[in-house]
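Everything on this sheet refers to the single structure shown next.
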Amino acid sequence: MLGFARTDNEALVSCLGDPQRTVAAYHELLRRAADSLDAIRTGLSHPDPVVREGCCRLLDHLVDTDSMDRLIAMADDPDARVRIAAFHALACDRCKGDTCAPGADRVLDPGLRHLADDPDPQVRMRAAELVGKFVHTDPRALAALQACHARDGSPAVRKKAGWYTPGGPIHRRTAPRTPA
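So in my numbering the end of the sequence shown lands on 372, straight run, no missing numbers.
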């Protein structure tokens with residue numbers, strides 16, 4: 193099956209770090225869904241950052257309440273690719289099935305911290321997406337996005353932050369509707 197010597201979940205998670213096998217392993221773990229979650233959670237501690245990144249990308253689709261704290265912790269991973277995947281998974285509602293996204297009480301602080309201080313502009317862009325989810329409900333989110341929009345060293349990050357500030361396209365689209 194799949195041309196692998198072993199096809200148990202743990203072996204497939206390890207294959208996420210193999211450029212020749214990563215796509216097939218990813219799709220098979222995704223197909224196995226809940227049956228592969230324990231191995232994916234364990235993979236978040238793998239020494240290879242490519243495996244940790246793949247596990248974050250899998251949790252984007254498969255996250256459950258037992259995995260959420262581990263996914264949130266990945267926002268502080270030493271590898272920028274892992275942080276990017278973690279922030280995407282925490283911010284993205286499209287990829288999730290019926291799992292509720294985490295609330296501001298769980299994810300806003302890491303998002304604010306990385307938006308302000310992460311050395312990687314791609315991480316700051318993903319943090320802006322996460323912080324932007326709370327721009328209408330938490331004044332800290334709005335203040336952080338406005339500061340980022342005005343002062344970030346990366347034009348791409350400033351642009352992304354501007355999408356979530358008043359007048360920006362995402363801010364307008366996500367604004368709460370007033371009853372008519």
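Note that CB positions come from ideal geometry on N, CA and C, so glycine has one too. Bear in mind that the values here come from a model prediction, so they are computed numbers and not experimental data.
Expressed to the nearest angstrom, what Euclidean distance is found between the alpha-carbon atoms of residue i and residue j?
i: Leu322; j: Asp344; result: 17 Å
i: Ala342; j: Arg350; result: 7 Å
i: Thr235; j: Asp285; result: Contrary to the premise, residue 235 reads as Gly rather than Thr in this sequence. C-alpha separation (whole angstroms): 23 Å.
i: Lys352; j: His253; result: 24 Å
i: Asn201; j: Ala231; result: 6 Å
i: Gly209; j: Val243; result: 5 Å
i: Met193; j: Gln212; result: Residue placement at Met193 cannot be trusted, given a pLDDT of 49 that sits under 50; the coordinates are not used to answer.
i: Tyr218; j: Asp271; result: 20 Å
i: Asp256; j: Asp309; result: 29 Å
i: Phe279; j: Arg318; result: 6 Å
i: Lys325; j: Arg364; result: 12 Å
i: Ala197; j: Ala296; result: 43 Å
Using DSSP with H/G/I as helix, E/B as strand and the rest coil, what is residue i?
i: Gln212; result: coil
i: Thr257; result: helix
i: Gly359; result: coil
i: Leu236; result: coil
i: Ala226; result: helix
i: Thr366; result: helix
i: Arg305; result: helix
i: Ala293; result: coil
i: Arg198; result: coil
i: Cys207; result: helix
i: Cys284; result: coil
i: Asp310; result: coil
Can you tell me the Cβ-Cβ gap for residue i and residue j, rounded? I've got them flagged as a contact below 8 Å.
i: Arg224; j: Ser259; result: Not quite, the Cβ-Cβ distance comes to about 15 Å (not below 8 Å), so this is no contact.
i: Cys248; j: Ala281; result: 5 Å
i: Pro294; j: Ile264; result: 7 Å
i: His328; j: Pro368; result: 6 Å
i: Val205; j: Leu221; result: 7 Å
i: Leu300; j: Arg332; result: 7 Å
Please go through the region 318 to 357 and give each complete alpha helix (DSSP H) segment of 4 or more residues, from N-terminal end onward.
-> Taking only runs of at least 4 residues, the alpha helix (DSSP H) segments lying wholly in the region 318 to 357 are 331 to 343 and 347 to 355.
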